[in-house]
Structure formats: structure tokens, C-alpha cells
Amino acid sequence: ARASFVAAHPEAATWSDRARRVQPGGNTRSVLHVDPFPIRVDRAEGKHLWDLDGHRYVDLLGNYTAGLLGHSPEPVLAAARAALESGWSLGAVHENEVRLAELIVERFPSLDQVRFTNSGTEANMMALAVATHHTGRRKVVVFRNGYHGGVLTFGAEPSPVTVPHDWVLCDFNDLDSVSAAFAEHGVEIAAVLVEPMQGSGGCIPGTPAFLAGLRSLCDDHGALLVFDEVMTSRFSTGGAQQLLGVQPDMTTLGKYLAGGLTFGAFGGRADVMANFDPAAGGTLAHAGTFNNNVASMAAGVAALTEVLSPELLDEVHARGERLRVRLNEAFAAAGLPMCATGVGSLMNVHGTAGPVGTAADLADQDDRLRELFYFHCLANGYYIARRGLIALSIEITDDDIDQFLDVVGSFGTDD
Ligand code: PMP
């Protein structure tokens, strides 16, 4: 599979050699690292990507969930273009940032107020900054196998580049481990930061009991519950929290909400967000040259008002649920030790038959199978993540899914 990939991608190979000389690892985004080298994309439109070697792919990755709208949706392109034509480095407040804030606050009832960043990473850093400041406490509960951005990555331990916080690591979907942390550290815990579904960690859903239990523990101990909905906010108009019926104190957002352009946001309770309001005695600053950049703000307004209706979000969610079920049927029918987990339009293919309920269930998976599956998808014109992530966009149809499942069905017979 690898040899035929290399033979079919000479341009990508050349560009990767060139990239490695000036970019460590040959990229500027570690998640795009692929051995021996990644495809190099030339252009994108609708649901398709074209690479430099002349191959066309159905994009089933959707920029790791930021591409929910597919490529270059007309209303978003028009809005961003119009914004740029009126000037883009204003160094001033403008109208679309207010409109986008209004739209987001309307969609997420737990957000009284919101501020924008350039990434989900920054959104989480700011949420933790305000949570520790607001509570006057220092410790933050996070979960093994969690991911909150390039500098907020947790395997068994925080990664070496994780921003320094006084972390308390607990196990995802294990409420007892969190109860024990509160029993030990109680009044020192400022916040619990959690993904309602661990995304980068393999699309492992948090159970409703676990997430509701976190709400109660935070209430009992005066800690803030922070939902990282950077990935899960697409589950419904009001994100995973709407489906779960759990109201966090703070929420972080990112990915698709600016129509696929650069974006991040954090928001929540008015009394917490007031720490950024000088008129209310707030002493926290949150600056950033590009926080209210005109292209993202305009694109976000267009995405939320002209494209992403609640019905459309429900549709792509349901299509993803059907795909995940059928993937698992296909793996079982082929006798392959593989499975897919996830929620709605987000799923991850694993090199184990499962069931997968926690990160521990993935410890012994066969990564070679995942690699072969990745190259099988590429060879047949489907782009997914090397690690197995699939994130449907609204451009993907039921026919696309049927055809992809035929390709999945032929896995193992022709590689
Ligand atoms: N939180 C979660 C749950 C994410 O999935 C990601 C990105 N994959 C981030 C935060 C970081 O967002 P960004 O890449 O925009 O910094």
C-alpha cells in the first residue's frame, strides 16, 4: 500500500523534501505529519480536494472538523470578500464582531457573553486564565487522553510543551477519579476542563452520567465547569451541552463557527466574563491583533445566518450516525478487528474490534491496520485523517456514503 502510494505521488514527495529543509517535520501543523509523506493539496471545491499529483479525493476529513460547510460555500466566500474589500487591518472595533457575538450567544444559552480568539487553543488558555482568576484557586482538573490545543495536550501525562498550570489529571468517563480529586484538593480546584466527546483522543463520547456528574461535583465544590466544545459544538445548534442538558459555566469554541476561517471563542456566565470589563472593575486583559479580524467575523455571520440552519445540522448529524453504524457493520462482516466510535458527523476508525469506551481500550490497537486503511481510502479517492478521524461536511451526500462503504467493503481484499 505504501509503495503504490509513493509511486503515485512524485510531486508530493518532491515538495515534502523541499519542506523538510525549512520546516521541521515538513509541516507547520503536527497533525498533518504522515509517514512517508502526506498528499500535497493544490485546491479544493465543494466536497473535493485535488492534489499536486492530479488525484481527486472526496474530502471526508473536513479540515479536522473546521470544514463543516465544505469548500468555499458561496455565501461565506461572498461575505469574506466583501469584508476584505472594505479594508482588513482596521485596528478598531466593527459591526460584524457584534453580529457574530449575538449569533453565538443566541445559539448557546449558557453563554451570556463571548470573546473571540484566533484558535481553539487560545480560547482554552483564556478560559483557564479567567477561571483561575475568578475563583482565586490554582488547580485545574483535566483528563487523560484529552486535547485542548497544541499546548494543552494530555496523554498519560501533560505533554512537554503544555502550558504550565497546576494540573490534576483524572480519567475520562470515571467519575470516581474526579470525586477523589475533589476529596483531596477540594477548595483548590478552580475548574474542570472537559471535552463532551474526546475528539483528538479518538472520538470517545463522554457518558451523560459522567458529564452530569461533573456538573454536580463543580457545584458542590465551587469550581467552574468548562466545556471544550471546539469540536462538539456541531452536534446541534447549541452544541453537545444542548443534547446533554448540562449547562457549563464556561464554553470554548472554534473550528466551523467562522465558516472555516481562522476562529476561536470563549464565553460563559456574565459574572465570570465581567473580569474582562474595565467598567465593571474587571482587571483581566485579553488582547490579540487578529481577534476581531474582518474576514473571520464576516464569514462567521454568513455561515450562521445563511448556511447552517438547525435542520441542516440535524441532517449531517443523522447522516454521520448512519455512517458510523454501517462502518461497524462492514468491519464486523469482513471479520476485521476494527471499529468506529463517535457522535453524529464525527467519528474515528480504530484498529481494534472494541468496544471502545475509554482511552485504555485503545492501548493495544493495531496501528498498522489503521495505516493500511488510510492508504486504502486514499488509493480509492477518499481523504480521511491518518489517525482515522472522519468529519462529515454538509457537502457529503447519502450517495457519497454508499460509495465510500463499498470502498470500505473492499478493504483487505485488494491491498
Ligand atoms: N480543543 C479541541 C477539543 C480540539 O479538538 C482542538 C483542535 N483539534 C482544539 C481545542 C484546538 O483548536 P485549534 O486547533 O483551533 O487551536
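If you're matching positions, the sequence shown starts at 14 in UniProt numbering and goes up one per residue. Backbone N, C-alpha and C fix where the C-beta goes; we use that ideal spot for every residue, glycine too. Given the structure is predicted, the values throughout are model-derived calculations rather than measurements.
Quick check on this structure: which residue in E324, E24, D66, V174 has the alpha carbon closest to the alpha carbon of G251?
The option with the nearest alpha carbon to G251 is E324.
What residue does the alpha helix (DSSP H) around Q378 start on, and which one ends it?
Looking at the DSSP string, Q378 is not in any alpha helix (DSSP H), and its letter there is neither H nor E.
Name the residue from W180, R400, E108 whose alpha carbon lies nearest to the alpha carbon of H46.
The shortest Cα separation from H46 among W180, R400, E108 belongs to R400.
Would you kindly report the start and end of the unbroken beta strand (DSSP E) that includes residue 11?
For residue 11 there is no data in the structure shown, the boundaries of the chain being 14 and 428.
So does S213 have its beta carbon nearer than 8 angstroms to some heavy atom of ligand 1?
The nearest non-hydrogen atom of ligand 1 is less than 8 angstroms from the C-beta of S213.
Supposed contact pair L402 and Y269 - C-beta distance, whole angstroms, cut 8 angstroms
Their Cβ separation, rounded to whole angstroms, is 15 angstroms, which puts Y269 and L402 out of contact at 8 angstroms.
Please say whether V356 and G370 have beta carbons closer to each other than 9 angstroms?
Cβ distance not < 9 angstroms, so G370 and V356 don't count as in contact.
Which residue wins for smallest C-alpha separation from V207, given the options L182, I409, A142, E201?
When L182, I409, A142, E201 are compared, the shortest CA-CA separation from V207 is found for L182.
Who are the Cβ neighbours of R33 in its own chain at under 8 angstroms, not counting the five residues just before and after it?
Within the same chain, G39 come within 8 angstroms of R33 by CB-CB distance, once the 5 residues on both sides are set aside.
Does H146 come out as helix, strand or coil in the three-state DSSP assignment?
DSSP, read as helix, strand or coil, puts H146 in helix.
Per DSSP, A57 is paired with what?
Its beta-bridge partners are L62.
Between L165 and ligand 1, is there a pair consisting of the residue's CB and a ligand heavy atom that are separated by less than 8 angstroms?
At least one heavy atom of ligand 1 lies less than 8 angstroms from the C-beta of L165.
Whose CA, out of P177, L230, E108, Y77, lies closest to the CA of H198?
For H198, the nearest C-alpha among the options comes from L230.
V329 versus I407, Q416, D125, residue with shortest Cα-Cα distance:
Among I407, Q416, D125, the Cα nearest to that of V329 is on I407.
Do you know how far the Cα of F386 is from the Cα of A287?
Rounded to the nearest angstrom, the two C-alpha atoms are 49 angstroms apart.
Under the rule that 16 or more other beta-carbon atoms within 10 Å means buried, what is R94, buried or exposed?
Burial call: exposed.
Could you tell me the alpha carbon to alpha carbon distance between N341 and L74, rounded to whole angstroms?
Between N341 and L74, the C-alpha separation is close to 18 angstroms.
Any heavy atom of ligand 1 closer than 8 angstroms to the CB of M244?
Shortest gap from the CB of M244 to any heavy atom of ligand 1: under 8 angstroms.
Pull up the distance between the alpha-carbon of H178 and that of H299, whole angstroms please.
So the two alpha carbons sit approximately 18 angstroms from each other.
Contact test: A136 Cβ vs ligand 1 heavy atom, cutoff 8 angstroms:
With a cut-off of 8 angstroms, the C-beta of A136 is classified as near ligand 1, since at least one heavy atom of the ligand falls inside that distance.
Would a check of beta-carbon distances place V205 closer than 9 angstroms to chain C?
In the structure shown, chain C does not exist; there is a single protein chain.
Hey, quick one: how far does the alpha helix (DSSP H) through I202 stretch, first residue to last?
Segment 202-207 is the beta strand (DSSP E) holding I202; no alpha helix (DSSP H) there.
To the nearest angstrom, report how far apart V174 and T426 are at their CA atoms.
If I take the Cα positions, the gap works out to 42 angstroms.
For the alpha helix (DSSP H) containing G333, list its first residue and its last residue.
Unbroken alpha helix (DSSP H) run through G333: 323-346.
If you draw a straight line from the C-alpha of A398 to the C-alpha of S322, how long is it?
Spanning the two alpha carbons is a distance of roughly 27 angstroms.
Cβ-heavy atom distance between S132 and ligand 1 below 8 angstroms?
Distances from the CB of S132 to the heavy atoms of ligand 1 include at least one below 8 angstroms.
Under 8 angstroms from any heavy atom of ligand 1, does the C-beta of G401 make it?
In this structure, the C-beta of G401 stays at least 8 angstroms away from each heavy atom of ligand 1.
Is there contact here, the stretch 216-229 with the stretch 162-169, by at least three beta-carbon pairs under 8 angstroms?
Flag = no, the stretch 216-229 and the stretch 162-169 do not touch.
Compute every distance between the C-beta of G75 and the non-hydrogen atoms of ligand 1, then say whether any falls below 8 angstroms.
No, the beta carbon of G75 sits no closer than 8 angstroms to any heavy atom of ligand 1.
The stretch 112-131 / the stretch 298-313 touching (three or more Cβ pairs under 8 angstroms)
Touching, yes, given that three or more Cβ pairs across the two stretches are closer than 8 angstroms.
Local conformation of C183 per DSSP, three classes
Secondary structure of C183 (DSSP, three-state): strand.
Exposed or buried, what is S123 when buried is set at 16 or more other beta-carbons lying within 10 Å of its beta-carbon?
That one is buried.
State the DSSP-derived secondary structure class of G401, mapped to helix, strand or coil.
In the structure shown, G401 sits in coil (DSSP, three-state: anything other than H, G, I, E or B).
Go to D72, then tell me how far its beta strand (DSSP E) extends in each direction, as first and last residue.
69-72 is the span of the beta strand (DSSP E), which, as asked, contains D72.
Taking the alpha carbon of D411 as the point to measure from, which residue in R337, P368, H147 has its own alpha carbon closest?
Checking every option, the nearest Cα to that of D411 belongs to R337.
For R120 and A271, the rounded distance between their alpha carbons
Answer to the nearest angstrom: the Cα atoms are 14 angstroms apart.
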